[in-house]
Amino acid sequence: MERKKDTILILAPHTDDGELGCGGTITKFLEEGKDVYYAAFSTAKESLPQGMPDNTLELEVKEATKRLGIPGNHLIIFGYTVRKLNYSRQNVLEDMVKMKRELMPGLVFMPSPNDLHQDHYTVAIEGMRAFKETSILAYELPWNNINFNTQSFVKLDKRHVEKKIHALEAYESQKKRSYLNREFIYSLARTRGVQIKTTYAETFEVIRWII
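Each residue of the sequence shown is one higher than the last, beginning at 73 in this note's numbering.
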């Protein structure tokens, strides 16, 4: 079957990974009328601060993706245990294959295969297997990347970065994380913008590009 060029799938090992890696790009694509789907494999309830309800991150990702503009029925949440996706690789792969068959995305975003986090690495490797006939871009999470090839860029306007930050602010349970800092998000977008002589940008590794 033909891939749907205007259907885009974001693979997020944990809630917030997709917004961090390509939140500005998601906003821009939605403005252009593209169909964006977001799949979160773990709500990381085991790593929540003590006393928080188990569904905290599930509620937060619903609010965050809503702020980006992703329709509620385009959010897919799985219940894998945080830091143990590698123990369920076949199930993760089968879930991805099912999404491929149902959505037929023309473009998939996922973590880099050079990402140190075991869950991110698992999603990247299984994603490359599941979507080997699809264009794939890997998003940047600098605190986890051993190295990162800045091979592709998406130009952003200030409103895209602002909307990305607004979405990430939905993660009240994670607000102490240094990478959720507004200044950091802006500075990274500016840094990537400088590389292509624009104000703001997000950068991606090209895993596969099909023309």
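Beta carbons: idealized from backbone N, C-alpha and C, even for Gly.
| Asked | Found |
| --- | --- |
| Would you mind working out which of T79, D78 and A84 sits nearest G199, comparing C-alpha positions? | A84 |
| Quick check on R249: does DSSP put it in helix, strand or coil? | coil |
| So what does M200 bridge to, in DSSP terms? | Beta-bridge pairing links M200 to no other residue. |
| Inspect the beta-carbon positions of F203 and L157 and report whether they are closer than 8 Å. | no |
| Return yes when the Cβ of R280 is within less than 8 Å of the Cβ of Y272, no when it is not. | no |
| Please name the residue, chosen from R173, H232 and Y110, that lies closest to I148 on a Cα-to-Cα basis. | Y110 |
| Going by beta carbon distance, what residues of the same chain come within less than 6 Å of T128, once the five residues before and after it are set aside? | L120 and S245 |
| For R249, which of D89, G144, L179 and K76 has the nearest alpha-carbon? | D89 |
| Check this for me: beta carbons of L92 and L213, under 8 Å apart or not? | yes |
| With a CB to CB cut of under 7 Å and the five nearest residues on each side skipped, what residues in its chain are close to D167? | F150 |
| At what residues does the alpha helix (DSSP H) containing E174 begin and finish? | R161 to L175 |
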